Amino acid sequence: IVPVEATGDEALSPSSDRDPAEVERLRPPSLPADLLTLTKPRITTMVLITMMGGAFLAGRVGHTAGWTTASLLMAVAGTALIVSGANTLNMYLERDSDRLMARTRNRPLPTGRMAPEVALWFGLALSAISVPLLTFGVNALTGLLAERAAQVVTVEIDARLQRVDGVLVAQVGDGDEAIAPQDLEQS
Numbered sequence: 352i353v354p355v356e357a358t359g360d361e362a363l364s365p366s367s368d369r370d371p372a373e374v375e376r377l378r379p380p381s382l383p384a385d386l387l388t389l390t391k392p393r394i395t396t397m398v399l400i401t402m403m404g405g406a407f408l409a410g411r412v413g414h415t416a417g418w419t420t421a422s423l424l425m426a427v428a429g430t431a432l433i434v435s436g437a438n439t440l441n442m443y444l445e446r447d448s449d450r451l452m453a454r455t456r457n458r459p460l461p462t463g464r465m466a467p468e469v470a471l472w473f474g475l476a477l478s479a480i481s482v483p484l485l486t487f488g489v490n491a492l493t494g495l496l497a498e499r500a501a502q503v504v505t506v507e508i509d510a511r512l513q514r515v516d517g518v519l520v521a522q523v524g525d526g527d528e529a530i531a532p533q534d535l536e537q538s
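Our numbering applies: residue 352 is where the sequence shown begins, and numbers increase by one.
This is the structure:
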């Protein structure tokens with residue numbers, strides 16, 4: 352008797368002879384997991400820590416009449432959304448070059464697990480929600496700075512100017528971490 356190799360869903364079923372850890376590793380990520388991957392949660396978390404550190408160091412948390420818990424929560428939520436949107440749009444723009452690098456070739460867009468249009472609309476939606484949240488939940492200047500810094504600097508400069516004559520150049524920074532602690536007082 353010659354064993355027949357399982358294919359498709361049979362190879363990933365719990366009843367197969369494969370190790371359960373290998374089965375889980377081979378299972379394609381779900382749409383929610385892929386959407387989360389597009390937001391680069393570790394980078395977003397680092398930006399939120401920077402934002403909270405800036406707010407703390409500025410002495411504005413609970414110590415200024417114009418600064419409220421609600422505006423802090425709006426600032427955190429809006430910052431998370433604008434950074435996640437910019438990261439998603441960055442992955443959308445970099446999908447072709449991500450196919451070429453070992454570190455990035457297993458992301459949702461280079462592997463084809465997700466249509467580029469889904470990532471584009473997801474990034475635009477996150478950004479579209481964040482700007483009014485920051486504008487009306489914190490203040491107009493914060494909303495404007497978020498829109499300009501995170502979208503223009505992170506997406507356009509980071510994605511478009513990384514390569515100069517085919518050579519990858521070092522980045523100085525994304526720019527989005529610079530906007531979070533600025534001007535958090537209500538206007």
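Every residue gets a Cβ at the ideal spot worked out from N, C-alpha and C, and that includes glycine. Just so we're clear, the structure is a prediction, and the values are computed from it rather than from any experiment.
Please determine, among A384, D447, A421 and G436, the residue with the shortest C-alpha to C-alpha distance to L460. D447
Rounded to a whole number of angstroms, what is the C-alpha to C-alpha distance between R458 and L492? 34 angstroms
7 angstroms Cβ shell around E498 - same chain, five flanking residues per side excluded: V482
Inter-residue CB distance, L484 and L432 (contact presumed, cutoff 8 angstroms): 7 angstroms
Less than 8 angstroms between the C-beta atoms of T396 and S435, yes or no? no
Are V398 and T430 close, meaning C-beta to C-beta below 8 angstroms? yes
A470 and M452 - do their beta-carbons sit closer together than 8 angstroms? no
Just to check my reading of the structure: R464 and P392 have Cβ atoms closer than 8 angstroms, yes? What is that Cβ distance to the nearest angstrom? Wrong, their Cβ atoms sit about 17 angstroms apart, outside the cutoff.
Which two residues bound the contiguous alpha helix (DSSP H) that contains P483? P467 to G488
Between the Cα of F487 and the Cα atoms of T455, A476 and A428, which residue gives the shortest distance? A428
Does DSSP put L451 in a helix, in a strand, or in coil? coil
Rounded to the nearest angstrom, how far is the Cβ of A421 from that of M402, given a contact under 8 angstroms? In fact, because the Cβ distance is near 16 angstroms, the residues do not count as touching under 8 angstroms.
Tell me the residue span of the alpha helix (DSSP H) that contains N438. T420 to L444
Classification of A476 by the beta-carbon crowding that lies within 10 angstroms, buried from 16 upward: exposed
Among residues of its own chain, excluding the 5 on either side of P467, which ones have a beta-carbon nearer than 7 angstroms to its beta-carbon? Y443, R446 and L460
What separation, rounded to the nearest whole angstrom, lies between the Cα atoms of L496 and F407? 20 angstroms
With 16 as the cutoff for other CB atoms within 10 Å, does S381 come out buried or exposed? exposed
Where I480 and R454 are concerned, what is the direct C-alpha to C-alpha distance, given to the nearest angstrom? 30 angstroms
Relative to the C-alpha of S478, which candidate in D385, G494 and N490 has its C-alpha closest? G494
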